[in-house]
Amino acid sequence: MAISVKNYTNRYLVLAILVIMAIWALLFYALLMDEVYDNVDDGLKNQKIEIIREAFKDSTVITDNKTYGINQFIIREVAPREDLDKNHFSRKLIYMPYDEEDEPYRILSTGFFSKDGKAYELEIRTSTVEEDDFLINLAISLSVLYIVIVLSILIINHFVLRNAWKPFKETLRNLSQYRFGESKSFQPVKSQVKEFEELNLQIAKMIDRNEMVFEDQKRFLENASHELQTPLAVSIGKMELLLQDEAFNESQLKKLAEAKQSLHRMVGLNKSLLMLSRIENHQYNQIEKIDFNALTKNLLEELEDIYTYKEVQVSMEEKSIFLADCNPELAQILIGNLLRNAIKYNKPQGQIQVFFSERVIRIANDSLGEALNPKYIFERFHKGTQDSSSNGLGLSIVQSILEKYPYLTIQYQFIHNQHVFELIKN
Amino acid sequence: MKILIIEDEIDLLQNSKEFLEAEKFLVETAMDYPSALEKVMNYQYDCILLDIMIPGGSGLDILKQMKAANRKQAVLILSAKDSVADKVLGLEIGADDYLAKPFHFAELLARIKSIIRRNAQEGSSLLTYKNITVDPENRIVRIADKVLTFNRKEFDMLYYFLLRPNKLLEKTTLAEAVWGDHSDQADNLDFIYSQIKNIRKKLKDADAEADIQAVYGVGYKLV
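From first to last, the protein sequence lines stand for chains Y and H.
Per my numbering, residue 1 is the first one in the first sequence, and the count goes up by one each step.
Per my numbering, residue 1 is the first one in the second sequence, and the count goes up by one each step.
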């Protein structure tokens with residue numbers, strides 16, 4: 001699963017800081033303990049010198065300190081040995097009445113020769129740091145520090161990154177609004193972050209390239225359709241002249257007529273393609289307030305012969321007048337295409353219901369087939385299964401027209417075996 | 001009847017010329033702007049078929065020149081550019097009608113005839129075949145002097161038949177002529193059949209000497 005950059009970096013930061021602090025805590029602890037023992041040991045060594053010096057002056061020091069008393073040292077007589085005056089440090093737990101438990105002591109064991117040459121053993125002790133308590137305290141304070149650092153990073157990241165990524169998010173939003181054929185629909189976002197500037201630059205370049213390809217394609221389509229017109233007209237004309245020829249018999253005439261009809265379909269396709277490019281080239285700019293109810297009624301009247309021949313029943317319900325700003329010609333094509341489809345894909349003796357309200361035109365027709373896939377029906381050259389004579393451009397022309405009018409949208413549904421197209425005004 | 005075709009595509013020009021000559025018109029042609037302008041300015045035609053895109057200039061410019069010179073000629077614009085703006089502009093400058101390419105010859109003929117009829121000052125514009133007479137101006141059909149009522153579409157179809165009796169009229173031509181653009185998306189043109197049936201019945205009931213004959217799979221003919 002994808003996670004945001006913020007969480008991605010945070011996850012690694014939190015882990016990395018944990019490891020760093022653990023290593024640092026170990027080193028810190030070792031260093032500190034070393035320093036503590038060094039100090040304690042220095043103190044003990046100093047005490048040793050002072051005690052020995054005192055013992056030289058006053059022999060009672062030797063006799064009075066056979067056990068630990070107020071003075072934290074003892075002096076015992078021992079057999080002389082070579083390394084008597086060597087310092088030996090050790091650590092030992094000794095009961096401390098104050099704490100009512102054993103506490104760590106640092107003990108210096110050494111020895112000396114008195115004035116009269118006797119060998120004495122000297123043991124000096126001093127209370128030292130409680131390593132376990134120290135360790136616990138250190139762990140607690142480091143944990144607190146860790147939490148504080150992590151929280152600060154999260155908070156700083158949250159605010160700083162949110163700000164830093166703002167242009168990126170805006171760029172994303174603008175990209176989602178970008179539509180082919182309209183390079184103006186993408187607005188680059190000003191940013192002080194170098195990477196985002198770069199991103200903007202590259203996106204702008206990409207859009208330019210795409211627009212160019214799109215333009216080329218559009219022009220190609222347009223030119224191809226234009227160039228096709230003349231040869232089509234010539235062939236159709238020649239066939240028409242042949243059809244007038246009395247020399248042909250009926251079956252030959254029929255074949256000629258069929259060939260001519262196919263050419264006429266090509267002309268229709270060509271016209272539709274030209275229409276699409278004209279719509280996309282904004283050649284229908286004159287806009288009027290259109291009364292779609294009246295327009296639909298006119299069209300239905302013109303189509304009457306065609307639907308009565310199919311024995312299709314048309315019913316109309318007008319709750320209110322649907323008014324919208326639109327080019328009159330495009331409005332005619334828009335509704336005409338929807339109505340023609342409703343007739344064409346109807347079943348014999350089927351129904352067409354047309355409903356108007358202030359904001360919705362609903363055209364529903366009985367269907368022979370199944371629900372159409374709303375994902376594809378507005379695509380160019382998408383054909384249903386029952387089609388043979390359609391060029392698959394009717395609905396894509398509808399779509400292209402609606403793209404010019406953002407306040408109009410079309411929706412397709414399949415309800416109770418009826419294809420339902422709704423033109424909605426926002 | 002004299003017709004001038006201004007058209008740069010030689011094949012299209014040949015087609016139209018051949019068709020119109022078969023219809024007993026006198027046809028002259030021009031293939032570029034200068035020769036077209038020269039003919040238009042110097043000779044009188046009953047109808048000029050004008051292509052908008054011709055080498056050396058625009059068909060619309062020829063119209064403008066004619067208007068400037070105050071030369072009144074009947075003009076039918078034939079254009080591959082099926083755009084309303086062009087159509088409106090052409091009609092504003094002084095053309096009589098506009099037909100988008102490609103067209104059916106029957107339709108071309110109907111348009112030419114109606115332009116000629118409108119511009120004719122005197123004489124009868126009645127079409128007659130056997131005992132059927134059609135008055136396109138007043139949309140009246142008479143059979144042996146008896147007036148017969150037809151609805152709009154039936155009349156339009158009958159008019160096409162009378163323009164060219166004994167000639168084959170294709171279903172597509174009829175459909176486009178009478179129902180316009182809507183016909184190209186109708187899945188089949190059988191709906192014409194019921195209209196033809198009505199016309200035939202009316203003709204028969206009125207004892208017309210002519211009848212509409214089906215050419216199977218292709219179209220119909222008035223015989």
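The beta-carbon is built from N, C-alpha and C at its ideal position, and this holds for glycine as well.
- Contact between the segment 13-21 of chain Y and the segment 59-78 of chain Y is absent: fewer than 3 CB-CB pairs across the two stretches fall below 8 Å.
- Non-local beta-carbon contacts of H:L126 in its own chain, meaning distances under 6 Å to residues more than five positions away in sequence, involve T133 and D135 in chain order.
- In this structure, DSSP gives H:G59 a helical state, which the three-state scheme calls helix.
- Contact check for Y:Q353 against Y:R362 passes: the beta carbons are separated by less than 9 Å.
- Going by DSSP, Y:P167 is part of no beta strand (DSSP E) but of the alpha helix (DSSP H) stretching over E131 to Q177.
- For the segment 130-142 of chain H, the beta-carbon criterion of a distance under 8 Å to any beta-carbon of chain Y is satisfied by none of its residues.
- Counting only runs of at least 3 residues, the segment 348-399 of chain Y fully encloses the following beta strand (DSSP E) elements, listed from N- to C-terminal order: 351-356 and 360-366.
- Between H:G219 and Y:A257, the C-beta gap is smaller than 9 Å, which places the two residues in contact.
- Contact between Y:I306 and Y:I333 fails: their C-beta atoms lie close to 17 Å from each other, not under 8 Å.
- Note on the segment 189-217 of chain Y: there is no whole alpha helix (DSSP H) run with a minimum of 4 residues.
- Annotation for H:T133: no alpha helix (DSSP H) segment contains it, though the beta strand (DSSP E) segment containing it runs I132 to D135.
- At least one beta carbon of chain H lies nearer than 9 Å to the beta carbon of Y:D305.
- Not a single C-beta of chain Y is nearer than 9 Å to the C-beta of H:F161.
- Y:K319 carries a coil assignment under DSSP once its states are collapsed to helix, strand and coil.
- Shortest Cα-Cα distance from H:N131 to any of H:S16, H:L222 and H:F19 involves H:L222.
- A buried status is given to H:I6, since no fewer than 16 other beta-carbon atoms sit within 10 Å of its beta-carbon.
- Within 7 Å of the CB of H:D11, the CB atoms of chain Y belong to V234, in sequence order along the chain.
- By the neighbour-count criterion, in which 16 or more other beta carbons inside 10 Å mark a residue as buried, H:H104 falls on the buried side.
- With the rule of 3 Cβ pairs closer than 8 Å, the segment 199-214 of chain Y does not count as touching the segment 225-237 of chain Y.
- Of all residues in the segment 243-256 of chain Y, only L243, Q244, E250, L253 and K254 come within less than 7 Å of chain H when Cβ atoms are compared, listed by chain position.
- Close CB contacts of Y:L221 within its chain, under the 7 Å cut and outside five residues either way in sequence, are with L273 and S277 (chain order).
- Using a CB distance cut-off of 9 Å, Y:Q283 counts as an interface residue toward chain H.
- Each of Y:Q244, Y:G111, Y:E379 and Y:I124 was checked against the Cα of H:K167, and the nearest Cα belongs to Y:Q244.
- Contacts between H:G217 and chain Y, judged by CB atoms closer than 7 Å, involve K254 and A257 in chain order.
- Rounded to whole angstroms, the gap between the alpha carbons of Y:P406 and Y:I377 is 19 Å.
- Looking at the DSSP output, Y:H282 sits in no beta bridge, so it has no partner there.
- Within the segment 12-100 of chain Y, complete beta strand (DSSP E) segments of at least 3 residues are found at 73-77 and 88-96, given in chain order.
- Nearest Cα to Y:S320 within the set Y:A294, Y:I401 and Y:P328: Y:A294.
- Under the DSSP definition of a beta bridge, H:V27 partners with H:I3.
- In terms of CA proximity to Y:L108, Y:I124 leads the group Y:P97, Y:I124, Y:S114 and Y:Y120.
- Close to Y:K169, with beta-carbon spacing below 9 Å, lies no residue of chain H; the smallest spacing is near 44 Å.
- The residues S191, in chain order, have a CB closer than 8 Å to that of Y:E197 in the same chain once the five nearest residues on each side in sequence are set aside.
- Taking 7 Å as the upper bound on Cβ-Cβ separation, chain H lies near residues E302, L303 and D305 of the segment 289-305 of chain Y.
- The Cβ atoms of Y:M33 and Y:F134 sit closer than 9 Å to each other.
- Counting the other Cβ atoms within 10 Å of the Cβ of H:L174 gives 16 or more, which makes it buried.
- By the Cβ test, the segment 260-273 of chain Y is not in contact with the segment 33-50 of chain H, since fewer than three Cβ pairs between them sit closer than 8 Å.
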